Amino acid sequence: MIYIILTLTLLLLMIASAVYAIWQKDLLYAVIASGILSLFLSIVFLILQAPDVALTEAAIGVALTTIIFIIAIRNTVRFEDEHDKKKVKTTTK
Amino acid sequence: MKKVIVLISLGILGFYLIDIFLGIGFGVQHFTAGVKDLYLSNSKDTLKVSNVVTAIVVNFRGFDTLGEVTVLFLASTALGGILYKKRHHVGERSVLFPASRVVMSGAKLLFPSIVLLGAYVFIHGHLSPGGGFQGGTIIATGFLLMLLTYRNYSVSHNRLVYFESLAGILFVSIGLVGYFSKGSFLENVLPVGNMNELFSGGVIGIIYIAVGFKVAAELTGIIYTVLHEKD
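What follows is the structure, given as structure tokens:
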């Protein structure tokens, strides 16, 4: 019973962090939220008795994917509509 | 005319897709038949490996693992071919936030522990959860921490390529030894030992150490190349 409650709580937290990642305009916060989603997902894998998959998810989903997205943000723009604003400015000029 | 041909081929494709989907039989109990019992009994009795997932991934389905490693190698090579530029002088990288003194000391303290954890995960792949892919990724995470913290920390690209090639050659040559002595690729040639001991499981330990080194070198190379892009 306690495992069902724990799994449901983790699933709700995953949905909440996914919605936050979509809603947030600051891409750095969105990437961190998707990393937290992966963290909860790896705990769910552990509860479902798949420790191999949980290790992979924790290493790749939480650390590597997040960092590669952060590097991409460093090389481009940080806010979601920043690029569009630049484009509008250059077209009006 | 073109549209008619497209419609006819799409129709044939859709017919066969629906046929395959109906043939799967959703809701029917599949797992009573098949190779499940054979895998379980073989990995327990003849191979003496307690982690059945590892036994399937490295021994019974070892050729698939070789394919996965090849896919990762090709991705890493393609990324390096697109982004890597040969530089004579590798200076400081530009960083998003400069690291504070606490982060620098913490990274230096954590880095050996992270590498040790990764090595533990892939050396004990046949005893505990984890394996070459997971351990290699953990080691790459340690290098990533150092690369992000210290602006002038660099890894030797030649040494990464050297480790990667050596591990790949070791994997394939173990497979070839199995082929020439036992008659099938990646067949177990070493004594299996006792269950739940470090030196058990035949070639699984050696193959997973090779895979761990290969994955760690490839992922570190990918991160290093991506970090040095556009400086």
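Protein sequences appear in the order of chains P and H.
Heads up, the first sequence is in the working numbering, so the first residue is 1 and it goes up one at a time.
Heads up, the second sequence is in the working numbering, so the first residue is 1 and it goes up one at a time.
Using N, Cα and C, we set each Cβ at its ideal position, and we do this for glycine too.
Values in this document were obtained by computation on a predicted structure and should not be read as measured data.
7 Å CB neighbourhood of residue i in its chain, flanking five on each side removed
i: H/E218; result: L72, F73, S76, E164
i: H/I209; result: F122, I123
i: H/Y16; result: none
i: H/K48; result: V192, G193, N194, M195, S200, G201
i: P/I43; result: L10
i: H/F111; result: G142, L145, M146
i: H/R101; result: none
i: H/L160; result: A217, T220, G221
Residues that residue i contacts on chain H, provided the C-beta gap is smaller than 8 Å
i: P/L64; result: T137, A140, T141, L144, L219, I223
i: P/T56; result: F133, Q134, T137
Presumed contact (8 Å Cβ cut-off) between residue i and residue j, rounded CB distance
i: H/G178; j: H/E187; result: 4 Å
i: H/V211; j: H/F171; result: 7 Å
i: P/I70; j: P/L41; result: Not really, about 19 Å apart at Cβ, beyond 8 Å.
i: P/L39; j: P/V62; result: 5 Å
i: H/G221; j: H/G80; result: 6 Å
i: H/I207; j: H/V58; result: 5 Å
From the options, residue whose alpha carbon lies closest to that of residue i
i: H/N194; options: H/L22, H/K44, H/F133, H/I18; result: H/K44
i: H/G130; options: P/D52, P/S17, P/S34, P/K25; result: P/D52
i: H/G67; options: H/V226, H/G175, H/G205; result: H/G175
i: H/T225; options: H/L110, H/L148, H/V211, H/I24; result: H/L148
i: H/K36; options: H/F60, H/L227, H/H228, H/S113; result: H/F60
i: P/V77; options: P/S17, P/A16, P/K25; result: P/K25
i: H/Y150; options: H/V103, H/G14, H/L10; result: H/V103
i: H/G242; options: H/G11, H/L13, H/L40, H/A216; result: Because chain H is modelled from 1 through 231, residue 242 of chain H falls outside the range shown and cannot be assessed.
i: P/R74; options: H/I82, H/P98, H/G62; result: H/P98
i: H/F63; options: H/H228, H/L198, H/S173, H/S181; result: H/S173
Own chain residues within Cβ distance below 6 Å of residue i, not counting five before or after
i: H/G118; result: G135, I138, I139
i: H/N302; result: The structure shown does not extend to residue 302 of chain H, since chain H spans only 1 to 231, so no value can be given for it.
i: P/L46; result: A54
i: P/T65; result: none
i: H/H88; result: Residue placement at H/H88 cannot be trusted, given a pLDDT of 47 that sits under 50; the coordinates are not used to answer.
i: P/A58; result: S42
i: H/F213; result: F163, A167
i: H/V115; result: I139, G142
i: H/D19; result: none
Interface partners of residue i on chain P, CB under 8 Å
i: H/G130; result: P51, D52, L55
i: H/V53; result: D52
i: H/V121; result: L55
Closer than 7 Å at the beta carbon, the chain H residues around residue i
i: P/A59; result: Q134, T137, I138, T141
i: P/I68; result: V226
i: P/I71; result: V226, L227
Close beta carbons around residue i, own chain, < 8 Å, minus the five adjacent residues each side
i: P/L6; result: I47
i: P/S17; result: A33, S34, I36, L37, F40
i: P/V31; result: A21, T66, F69, I70, I73
Within-8 Å CB hit, residue i to chain A
i: H/L160; result: The question asks about chain A, but that chain is absent: this structure's protein chains are P and H.
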